[in-house]
Amino acid sequence: TEVNTDCGGPCAACPGGLLISEFVVTPTTGEFIEIHNPTAEAVALGNVYLADVNDYYTITDDGLVGPLASDFAVKFPAGTTIAAGARMVVSLESATAFDSEYGVFPDFDLDAGDANAPSMEGEFGGSSGLTNSGEVVVMFFWDGVANSLVSDIDIVLYGTAAQAVDKTAVAGYAPDTAVGAQVFAPTHGRSGSEHRCDDGE
19 TEVNTDCGGP
29 CAACPGGLLI
39 SEFVVTPTTG
49 EFIEIHNPTA
59 EAVALGNVYL
69 ADVNDYYTIT
79 DDGLVGPLAS
89 DFAVKFPAGT
99 TIAAGARMVV
109 SLESATAFDS
119 EYGVFPDFDL
129 DAGDANAPSM
139 EGEFGGSSGL
149 TNSGEVVVMF
159 FWDGVANSLV
169 SDIDIVLYGT
179 AAQAVDKTAV
189 AGYAPDTAVG
199 AQVFAPTHGR
209 SGSEHRCDDG
219 E
């Protein structure tokens, strides 16, 4: 895994310490990804992306991962910062749908027309979301410069190894863990979630 350490400030303020702390794949209206900043400093999120495709690193070719049908590759709006010790929730539906499930609005959503939360930027559509049976959830950094490398921040594989990430043969990247050695989380049912039990890596 490549961790970005060159983002214009002290290393502790770089996004490499961020974690995917929880996500929900069902029900559809309740789908979300939560990220956590366990560090002692605020972290800028303007070049931090979330995606559910294992070829997310191709974004460096032309700024697009797609075409995407039910998947997404989105970034936080410019100027977004996550405070030290804080968590942020990104609804993979509208903020209104999220509120109907949890009684509170998320920090961000995937519905540019819903005024109840700012929308993530990038590639997503009306059917974007996490597959119940298994997928990958990736948080990565990219500076937006064509052909520059992405930096992995956190990757969670759940349900199936079919979506495992392996950039070993891709020019410029260090070898990833062999697919056969990657560990993936089980799936969850309604009223459940995938969540990190501790911040240890």
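For the sequence shown, my numbering gives the first residue as 19, with consecutive numbering after it.
Think of the CB as a built atom: it goes at the ideal place given N, C-alpha and C, for glycine as much as any other residue.
Taking the beta carbon of residue i as the centre, do at least 16 other beta carbons fall within 10 Å, making it buried, or is it exposed?
i: residue 210; result: exposed
i: residue 39; result: buried
i: residue 54; result: buried
i: residue 170; result: buried
i: residue 121; result: exposed
i: residue 140; result: buried
Give me the Cα-Cα distance between residue i and residue j, rounded to the nearest whole angstrom.
i: residue 114; j: residue 132; result: 7 Å
i: residue 69; j: residue 90; result: 5 Å
i: residue 172; j: residue 107; result: 16 Å
i: residue 215; j: residue 128; result: 27 Å
i: residue 163; j: residue 146; result: 26 Å
i: residue 59; j: residue 97; result: 16 Å
i: residue 74; j: residue 100; result: 23 Å
i: residue 116; j: residue 62; result: 25 Å
i: residue 165; j: residue 78; result: 5 Å
i: residue 137; j: residue 52; result: 15 Å
Among the residues of its own chain, which have a CB less than 8 Å from the CB of residue i, if the five just before and after it don't count?
i: residue 206; result: 42, 43, 44, 212
Since residue i contacts residue j with CB under 8 Å, what's their CB separation in whole angstroms?
i: residue 83; j: residue 76; result: 6 Å
i: residue 119; j: residue 186; result: No, residue 119 and residue 186 are not in contact; Cβ-Cβ is about 39 Å, not under 8 Å.
i: residue 87; j: residue 109; result: Their Cβ separation, rounded to whole angstroms, is 19 Å, which puts residue 87 and residue 109 out of contact at 8 Å.
i: residue 168; j: residue 158; result: 5 Å
Between which residues of its own chain and residue i is the CB-CB distance below 7 Å, once the five residues before and five after are set aside?
i: residue 179; result: 197, 200, 202
i: residue 72; result: 154, 181, 182, 183
So, at 6 Å on beta carbons, what are the nonlocal neighbours of residue i in its own chain, with the 5 sequence-adjacent residues on each side left out?
i: residue 191; result: 185
Exercise. In the region 91 to 148, which residue ranges form an unbroken beta strand (DSSP E) of at least 3 residues, counting only runs that do not cross its ends?
Worked result: Taking only runs of at least 3 residues, the beta strand (DSSP E) segments lying wholly in the region 91 to 148 are 91 to 93, 105 to 109, 139 to 141.
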